[in-house]
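For reference, the structure is listed below as structure tokens.
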Amino acid sequence: MPSQLFTPLTLGPVEFRNRVFIAPMCQYSVHERDGVPTDWHLVHLGSLASGGASLVITEATAVSPEGRISPQDTGLWNDEQEAAWAHIVAFLHERGAKAGIQLAHAGRKASTYAPWGQEGRHGTVPADEGGWRPVAPSAAPYPGYDTPEALDAAGIEKVVSDFRAAAERSIRAGFDVLEVHAAHGYLLHQFLSPLSNARDDEYGGALENRARLLVRVVDAVTDAVAGRAAVFVRFSATDWTPGGWTESDTATVAGWARDAGAVFFDVSSGGNAPAQIPVGAGYQVRFAHYVKSLAGVPTGAVGIINAAEQAEQIVASGQADAVLIAREALRDPHTPLRWARTLGVDGPAAAWQPQYERAKL
Ligand SMILES: Cc1cc2nc3c(=O)[nH]c(=O)nc-3n(C[C@H](O)[C@H](O)[C@H](O)COP(=O)(O)O)c2cc1C
135 MPSQLFTPLT LGPVEFRNRV FIAPMCQYSV HERDGVPTDW HLVHLGSLAS
185 GGASLVITEA TAVSPEGRIS PQDTGLWNDE QEAAWAHIVA FLHERGAKAG
235 IQLAHAGRKA STYAPWGQEG RHGTVPADEG GWRPVAPSAA PYPGYDTPEA
285 LDAAGIEKVV SDFRAAAERS IRAGFDVLEV HAAHGYLLHQ FLSPLSNARD
335 DEYGGALENR ARLLVRVVDA VTDAVAGRAA VFVRFSATDW TPGGWTESDT
385 ATVAGWARDA GAVFFDVSSG GNAPAQIPVG AGYQVRFAHY VKSLAGVPTG
435 AVGIINAAEQ AEQIVASGQA DAVLIAREAL RDPHTPLRWA RTLGVDGPAA
485 AWQPQYERAK L
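Residue numbers (our numbering): 135 to 495.
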């Protein structure tokens, strides 16, 4: 039986050489705090592209300064950032990989300390250390963080137009995939979940209202892309908390996002409330399967997918159309090519860089 994992996949206008994608991973490495990706990002993303993944997605990249998780995040709201991303995208393309950008706004989880180099400080970075007041659907803080300011109507319009402008810049920089980050408790997830959205206007209350901002963002991004790239959405399928966002909500809203132009759904979980999560091998695969079955949309599975046979089984059994890997790819950027060898795959779906060809056994 030929490998299904190492079979090309077409999503929207983009053909991927195989079904192993690199998941977005924050690097907190913009030391100048200007949102401009650095040599670190070129080497990090470039090595992942060399390792055989068909798609490399950047870290959560903010559509506005106030949308950054930390002051050290990458962004895409000005020309300098666009030019730096274009340089990185060209390198990924030369390696035969498609380039994806995760477009993000952190909402009430913005302006937080990066995980290292901050003398052990946690929580919200104050203004006198270069932080800012976060915005959110409601003035309800994530536990341990400062209280955000609730967005007014003009603030919501700015979020939509910031995503649109970043999408236009992404296209100019050459990205093939734009992933809208609606997971992990960041702004769009905060709107979706009743745990963080207490609004009484057309953006709060019923599911249709809580999903309105996400659907508007997907619509604006799709419009800006105009068929030149594939639009993905990353969801958290559940808040793992009673009264929170659920997998059934995710499947319903995935259908609406598909109608607005998204072609693929990257299904993660959690992040909007502290919760007990039963983490283990492939623990989120069932969510990708559920959303795929119920909404009838292509999905990606992510979360502790660390072995070739496991990844192959997920795709071959039809639970998901692709797998996304993060930490295993940090341990070994050549994970996709190593998996191809384990599965006995050779050829264009598992191409080594010519410089490394002699390492192929
Ligand atoms: C260093 C690191 C940074 C991450 N940053 C992001 C991010 O920017 N956006 C996002 O959606 N998920 C982020 N994640 C989550 C991963 O994309 C992925 O969903 C998670 O690590 C589970 O996959 P894994 O078991 O293969 O690591 C990050 C994970 C790691 C390890």
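All C-beta atoms in this analysis are idealised placements derived from N, C-alpha and C, irrespective of residue type, glycine included.
Quick caveat: nothing in here was measured; it's all calculated off a predicted structure.
The alpha-carbon of A450 is positioned some 22 Å away from that of A371. For A307, the closest of P136, R461, S163, H221 by C-alpha to C-alpha distance is H221.
Closer than 6 Å to some heavy atom of ligand 1: that describes the Cβ of I459.
Residue pairing by DSSP puts S370 in a beta bridge opposite S402. As computed with DSSP, E193 is found in no beta bridge at all.
About 4 Å separates the Cβ atoms of A238 and A194, confirming a contact at the 8 Å cut-off. CA-CA distance, G201 to P268, rounds to 8 Å. Among the bridge pairs identified by DSSP, Q236 is matched with A194, E313.
The region 266-284 makes no contact with the region 223-237: fewer than 3 CB pairs, one atom from each, lie closer than 8 Å. By the neighbour-count definition (other C-beta atoms within 10 Å, threshold 16), S427 is an exposed residue. Straight through space, the alpha carbons of Q215 and Y247 are spaced by roughly 22 Å.
Of the residues assessed, A340 falls on the exposed side of the cut-off, its CB having fewer than 16 other CB atoms within 10 angstroms. Between the region 173-183 and the region 248-266 there are fewer than three C-beta pairs closer than 8 Å, too few to call the two in contact. Ranking S184, R242, I305, A456 by CA distance to the CA of A231 puts S184 first. Excluding sequence positions up to five before and after G395, its CB lies within less than 7 Å of the CB of V352, D353, T356, V365, all in the same chain and listed in chain order. Annotated as proximal: G169 and T208, with beta-carbon spacing under 7 Å. Within the model, the alpha-carbon separation for V293 versus K494 is close to 47 Å.
By the neighbour-count criterion, in which a residue is buried when 16 or more other Cβ atoms sit within 10 angstroms of its Cβ, D400 is buried. With a cut-off of 6 Å, the C-beta of V190 is classified as distant from ligand 1, since no heavy atom of the ligand falls inside that distance. A Cβ-Cβ separation of about 7 Å places A474 in contact with G186 under the 8 Å criterion.
Of the heavy atoms belonging to ligand 1, none sits nearer than 6 Å to the Cβ of A456.
Contact check for G377 and L347: beta-carbon distance about 20 Å, past the 8 Å limit, so the pair fails to qualify. Under DSSP, A385 takes part in no beta bridge, so it has no partner. Closest in C-alpha terms to I411, from the list H318, A233, S137, F150, comes H318.
Taking a 10 Å sphere around the C-beta of P158, we find 16 or more other C-beta atoms and assign the residue as buried.
Of the residues assessed, S204 falls on the buried side of the cut-off, its CB having 16 or more other CB atoms within 10 angstroms.
Just so you know, the alpha carbons of Y276 and L326 end up roughly 15 Å apart.
Residue side-chain check: S402 places its Cβ nearer than 6 Å to a non-hydrogen atom of ligand 1. Judged by the Cβ position, P158 qualifies as a neighbour of ligand 1 at the 6 Å threshold, a heavy atom of the ligand being closer than this. About 14 Å separates the CB atoms of N343 and W379; that is not less than 8 Å, and the two are not in contact. Annotation for F421: the continuous alpha helix (DSSP H) segment containing it runs 419-429. Pairing A287 with N331, the inter-Cα distance amounts to about 15 Å.
Not one heavy atom of ligand 1 falls within 6 Å of the beta-carbon of G230. The C-alpha of A463 lies about 20 Å from the C-alpha of T141. Shown here, E166 sits in coil according to DSSP, grouped into three states, outside any helix or strand. In the three-state reduction of the DSSP assignment, I290 falls in the helix class, which pools H, G and I.
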